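Visitor:
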Amino acid sequence: MDMQNINCTQTRYIIYGGYVMKKTFLVNGMSCGHCKSMVENGLNAVNGVEIAEVNLEEKSVTIAMDDSVSTDIIKQTIESVGFDFMGEKK
Ligand SMILES: [Cu+2]
Numbered sequence: 614m615d616m617q618n619i620n621c622t623q624t625r626y627i628i629y630g631g632y633v634m635k636k637t638f639l640v641n642g643m644s645c646g647h648c649k650s651m652v653e654n655g656l657n658a659v660n661g662v663e664i665a666e667v668n669l670e671e672k673s674v675t676i677a678m679d680d681s682v683s684t685d686i687i688k689q690t691i692e693s694v695g696f697d698f699m700g701e702k703k
């Protein structure tokens with residue numbers, strides 16, 4: 614799946630027959646490409662996550678996922694790879 618195909622102005626899309634939403638979360642502590650891949654790889658391994666993409670400048674990660682993925686799972690995953698979860702970016 615390509616992140617570009619998911620429009621961020623709406624919250625829900627029907628893709629492959631399921632509901633997919635796109636949300637952005639703030640993450641503290643990421644400074645380089647290595648941090649970026651740790652967060653992306655951790656999140657991409659979560660069941661229900663289609664794709665996770667880190668933006669280092671904005672200190673954020675945008676995740677396309679189905680609605681079975683809770684914010685708590687996102688938080689735990691980000692913390693398990695060593696970074697601080699700062700909540701959803703509004
Ligand atoms: Cu780094």
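The sequence shown begins at 614 in the working numbering and counts up one residue at a time. We put the CB at the ideal spot given by N, CA and C, even for glycine. Owing to the predicted nature of the structure, the values given are computational and were not obtained by experimental measurement.
#1: Around the Cβ of residue 646, are there at least 16 other Cβ atoms within 10 angstroms (buried) or fewer (exposed)?
#2: Which of the three DSSP states is assigned to residue 661 in this structure?
#3: Residues in its own chain within less than 6 Å of residue 651 by CB, not counting five upstream and five downstream?
#4: Please tell me whether, using a cut-off of 7 Å, the distance from the CB of residue 681 to the nearest non-hydrogen atom of ligand 1 is below it.
#5: If the criterion is Cβ atoms closer than 8 Å, does the pair residue 634 and residue 678 meet it?
Guide: The relevant details are as follows:
#1: For the purposes of this step, residue 646 is taken as residue 33 along the sequence shown, with counting starting at 1. So residue 646 ends up on the exposed side.
#2: Here residue 661 refers to the residue found at position 48 when the sequence shown is read from its first residue. It is coil, neither helix nor strand.
#3: In the sequence shown, counting from the first residue as 1, residue 651 sits at position 38. If we look at residue 651 and ignore the five residues flanking it on each side, its Cβ neighbours are 694.
#4: For this step, residue 681 is matched to residue 68 along the sequence shown. Because no heavy atom of ligand 1 lies under 7 Å away, the Cβ of residue 681 does not count as near it: no.
#5: Residue numbering aside, residue 634 sits at position 21 when the sequence shown is read from its first letter. Residue numbering aside, residue 678 sits at position 65 when the sequence shown is read from its first letter. Yes, these two residues count as a Cβ contact at 8 Å.
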